[in-house]
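Report on one structure; see the data block that follows.
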Amino acid sequence: MSKGIRGESSLKEEQGMALQPNKRALEERWGSSLTRRGWTAIPNVLLEYQGRLRLKDQEVILLLHLMKFWWERDQIPYPSVATLAKHLGKDERSVRRALKRLEDHSYPQEEWGLEPGYLRRKPRKKAHGGQDSNGFNLQPLKRVLEKLVKEEADFKEAQQQRQPIKRQAAKPRIRLPMP
Numbered sequence: 001m002s003k004g005i006r007g008e009s010s011l012k013e014e015q016g017m018a019l020q021p022n023k024r025a026l027e028e029r030w031g032s033s034l035t036r037r038g039w040t041a042i043p044n045v046l047l048e049y050q051g052r053l054r055l056k057d058q059e060v061i062l063l064l065h066l067m068k069f070w071w072e073r074d075q076i077p078y079p080s081v082a083t084l085a086k087h088l089g090k091d092e093r094s095v096r097r098a099l100k101r102l103e104d105h106s107y108p109q110e111e112w113g114l115e116p117g118y119l120r121r122k123p124r125k126k127a128h129g130g131q132d133s134n135g136f137n138l139q140p141l142k143r144v145l146e147k148l149v150k151e152e153a154d155f156k157e158a159q160q161q162r163q164p165i166k167r168q169a170a171k172p173r174i175r176l177p178m179p
């Protein structure tokens, strides 16, 4: 790896080094025949707080499928309802209802006064003016997860401050016998 003037590696090299070990580790666990089709990064906090977020299993699975299509930070995913239904093994009406529940979910508003919902639907139009598949902005979910992580960190910090400071007992000095 080449180093810059200050001994720093280039951004390209850092990104390559960060991605390769993950890819190798995934291939070791799952095999290249499975990882060749791609993989999806999921924040563990979504799974750990599913109950607190009041998300049904079907809603979490739908969010995971939307994450599968979210490749770039600034590009929202836009899979069609038909595609989601096919991947989920559900009918389109069930998927539409689940998307609506995710849009209108009351927990973020009840807990923190944020706008309701874990996603925002963004209608898209085709060049000739017809309806295209909607985009699904997952930033509301991201904000809620960030709030949960901050709350958890604040709680742990407050716990540590309440605990008495443990002073280390003075180590006994070894006394040598006098000759």
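Per this note's numbering: the sequence shown = residues 1 to 179. Yeah, the Cβ is synthetic: ideal placement off N, Cα and C, and Gly gets one too.
Item	Value
First and last residue of the beta strand (DSSP E) that includes LYS147?	Premise fails: LYS147 lies in the alpha helix (DSSP H), 139 to 162, not in any beta strand (DSSP E).
By DSSP, does GLU115 sit in helix, in strand, or in coil?	coil
Output the distance between the C-alpha atoms of ALA158 and GLU152, rounded to the nearest integer angstrom.	10 Å
Evaluate PRO140 with the Cβ neighbour count: other Cβ atoms within 10 Å of its Cβ, from every protein chain shown; 16 or more gives buried, anything less gives exposed.	buried
Tell me the rounded alpha-carbon separation between LEU114 and SER32.	42 Å
How would you label LYS12, buried or exposed, when you count the other beta carbons within 10 angstroms and need 16 or more for buried?	Its pLDDT being 40, under 50, LYS12 is placed unreliably by the model, and nothing is read from it.
If contacts are defined as beta-carbon pairs under 8 Å, then LEU145 and VAL45 qualify, I think. What distance do you get, rounded to the angstrom?	5 Å
Do PRO77 and GLY135 have their C-beta atoms closer together than 8 Å?	yes
Whose C-alpha, out of GLU28, ARG24, LEU62 and LEU53, is nearest the C-alpha of TRP112?	LEU53
When the Cα atoms are used, what is the spatial distance from HIS65 to ASP74?	18 Å
Is it right to say PRO179 is buried, meaning 16 or more other beta carbons lie within 10 angstroms of its own, or is it exposed?	exposed
Taking C-alpha atoms, which residue in LEU34, TRP30, HIS87 and TRP71 lies nearest to GLN58?	HIS87
Beta carbon of LEU62, beta carbon of VAL95: below 8 Å?	yes
Could you tell me the alpha carbon to alpha carbon distance between LYS147 and TYR49, rounded to whole angstroms?	12 Å
Please say whether HIS105 and PRO116 have beta carbons closer to each other than 8 Å?	yes
Determine the direct distance from the alpha carbon of LEU26 to that of THR40, and round the result to whole angstroms.	11 Å
Pull up the DSSP beta-bridge partners for ARG121, would you.	PHE136
Nearest-angstrom Cα distance between GLN109 and ALA85?	28 Å
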